[in-house]
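Engineer: Attaching a single structure in structure tokens format; questions to follow.
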Amino acid sequence: MKILYWAESFWPYIGGVEILSMKLLPALIERGYEVSVITAHAELDLPDCEEHLGLTVQRFPFRRALEERDPIAILKLRKEVKRLRSELGAHVAHLNFAGPSGHFFLGSAQLEHEPWVLAIRSPLPPRPTGESLISRLLQSADWVTANSKAVLADAHHIEPSIVGRSSVIYNGLDDGNVQPASLPFEPPRLLCLGRTSPEKGFDIAIRAFARLLGKRPAARLTISGDGESRGELEALASELGIADSVEFTGWIPPHEVLHAINRSTIVLIPSQWEEPFCLVAVEAALMRRPVVAARSGGLVEVVAHDETGIVVPKSDVRAWAQAIEALLADPERARRLGERGRTRAKRI
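All letters in the sequence shown, in the order written, are residues 1 to 348 by this note's numbering.
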């Protein structure tokens, strides 16, 4: 079977969809499927076409054409992609919706012989008025999947007609044969992992950690990731007088993520946006790490309050500090939550 896999962003870019794609697609190839990828060019200088781990990856300047509102470029791209899709002759297409390239997906569709699945892994806007891109995609898809009940509910709100042709498929991961280490309490090590961008809320974690240090002066906070807000976060740690207790590691490669989690006592996920799922929460659970997480979107489906972690209001710094201290003060509870988290994650 030939599969067309369409993603707004693809490896070597790093994010939830990109990581999942590089686990799913090689596994499909091992099972005898033929997979072609269509994706968008972004800021990296990457070839228009390349072979990667048995995948044929084709990149197009979708974003630039739309941002420049160039009708000639848009029409040219639609023709190029339509020709390519005709040549590929895929038996099924899989669109990972995360941005405007969906316009080109619809404009080049081979509707007469190519059924397709729309996979939604990001928050959706409130119900739009008129004919929006997401409405058109939802109406056209043969099946719609979402990575959480929260995201699927948003899709149902926008397009009620998909209720009978939609389902939740949670993002699943394996432990990569990395064995969970014992939780370290001397000293306690807290970890934030992900893009250092405003929606991730790492400033909340830093402020909560500052409150905690009075009781736990040996505690350490590690922020692993990079992005637009890193400088602001470093400045905040300095302003609060805790820079010596906060480590910024920068980006770490995917194969190091579970090892980084294994060195922590608690994983903090203070997301300030409507988190659709959160792979970090699953990775933490696989390593038996208790999680303190924001009450946000699909995150509450991944972190079960007082079963695998503690769920707190998004931006309540005091509640964050109290939740962290509650786990550090009760190591047995922290270990119990971690154990339950791993058992639950194995079922996802």
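Note that beta-carbon positions come from the ideal geometry of N, C-alpha and C, so glycine has one too.
(1) Looking at C-alpha atoms only, which residue of E186, A218, D226 is the closest neighbour of K200?
(2) Thinking just about the alpha-carbon of each residue, which of S315, R318, L286 is nearest to the one in G341?
(3) Give the DSSP bridge partners of A96, in chain order.
(4) Along the chain, where does the beta strand (DSSP E) that runs through G250 open and close?
(5) According to the Cβ coordinates, are L137 and L106 closer than 9 Å?
(6) Take every Cβ of the stretch 187–196, pair it with every Cβ of the stretch 148–161, and state whether three or more of those distances are shorter than 8 Å.
(7) Thinking just about the alpha-carbon of each residue, which of Y33, I72, R318 is nearest to the one in I204?
(8) For R165, which residues of its own chain have a beta-carbon under 8 Å away from its beta-carbon, when the five flanking residues on both sides are left out?
(9) In angstroms with no decimal places, state the Cα-to-Cα distance between G298 and E275.
(10) What is the rounded straight-line gap between the Cα of I206 and the Cα of E43?
(11) Could you tell me the alpha carbon to alpha carbon distance between D154 and A119, rounded to whole angstroms?
(12) Going straight from the alpha carbon of N171 to that of V81, what length do you get?
(13) Taking V291 and I269 to be in contact with their CB atoms under 8 Å, please state how far apart those CB atoms are, rounded to whole angstroms.
(14) Classify R263: buried if its beta carbon has 16 or more other beta carbons within 10 angstroms, exposed otherwise.
(15) Tell me the rounded alpha-carbon separation between I14 and V282.
(16) Kindly list the residues whose CB is nearer than 7 Å to the CB of I162, restricted to its own chain and excluding five residues on each side of it in sequence; keep chain order.
(17) Tell me which residues share the same chain as E34 and place their Cβ nearer than 8 Å to its Cβ, disregarding the 5 neighbours each side in the sequence.
(18) Could you compute how far the alpha carbon of L28 sits from the alpha carbon of R69?
(19) Relative to the C-alpha of I38, which residue among K23, G16, R83, R31 is closest?
(20) Considering only the alpha carbon of each residue, which of P253, L24, P187, A210 lies closest to L240?
(21) K314: buried (16+ other C-beta within 10 angstroms of its C-beta) or exposed?
(22) V57 lies in the beta strand (DSSP E); which residues open and close that run?
(23) Hey, how far is the Cα of F185 from the Cα of L24?
(24) Between W273 and T249, what straight-line distance do the alpha-carbon atoms span, to the nearest angstrom?
(25) Alpha carbon to alpha carbon, how far is P188 from L233?
(26) Can you give, in chain order, each stretch of the beta strand (DSSP E) that sits fully within the stretch 226–281 and has at least 3 residues?
(27) Going by CA-CA distance only, name the one from T343, A208, K346 that's closest to A326.
(28) Assuming A146 is part of the beta strand (DSSP E), what are its boundary residues?
(29) I think N96 touches E159, with their Cβ atoms under 8 Å apart; what is that distance to the nearest whole Å?
(30) Let's see if you can read the secondary structure: which residues bound the alpha helix (DSSP H) around H103?
(31) On the three-state DSSP scale, how would you describe E50?
(32) Below 7 Å CB to CB, which residues in the same chain sit around R288 once its five sequence neighbours on both sides are set aside?
(33) Which value, in whole angstroms, describes the spacing of the CA atoms of S197 and S224?
(34) By alpha-carbon positions, which one of E332, V17, P331, V312 ends up nearest to A323?
(35) Of the residues S245, E301, S296, T265, which one's Cα is nearest the Cα of A284?
(36) On a CA-only basis, which of S122, F277, P12, I252 is nearest H41? Give me that one, please.
Structural biologist: Taking the definition as stated:
(1) D226
(2) L286
(3) Sequence inspection shows Asn at residue 96; the Ala mentioned does not correspond to that position. Looking at the DSSP assignment, N96 forms a beta bridge with A7, A119.
(4) 246–250
(5) yes
(6) no
(7) R318
(8) A141, D142, W143, V144
(9) 6 Å
(10) 30 Å
(11) 13 Å
(12) 29 Å
(13) 6 Å
(14) exposed
(15) 17 Å
(16) L138, V144, A155, H156
(17) M1, K2, I3
(18) 37 Å
(19) R83
(20) A210
(21) buried
(22) 55–60
(23) 36 Å
(24) 23 Å
(25) 21 Å
(26) 246–250, 266–269
(27) A208
(28) 143–146
(29) So it is not a contact: roughly 18 Å between Cβ atoms.
(30) 102–107
(31) strand
(32) P180, G338, E339, G341, R342
(33) 12 Å
(34) V312
(35) T265
(36) P12
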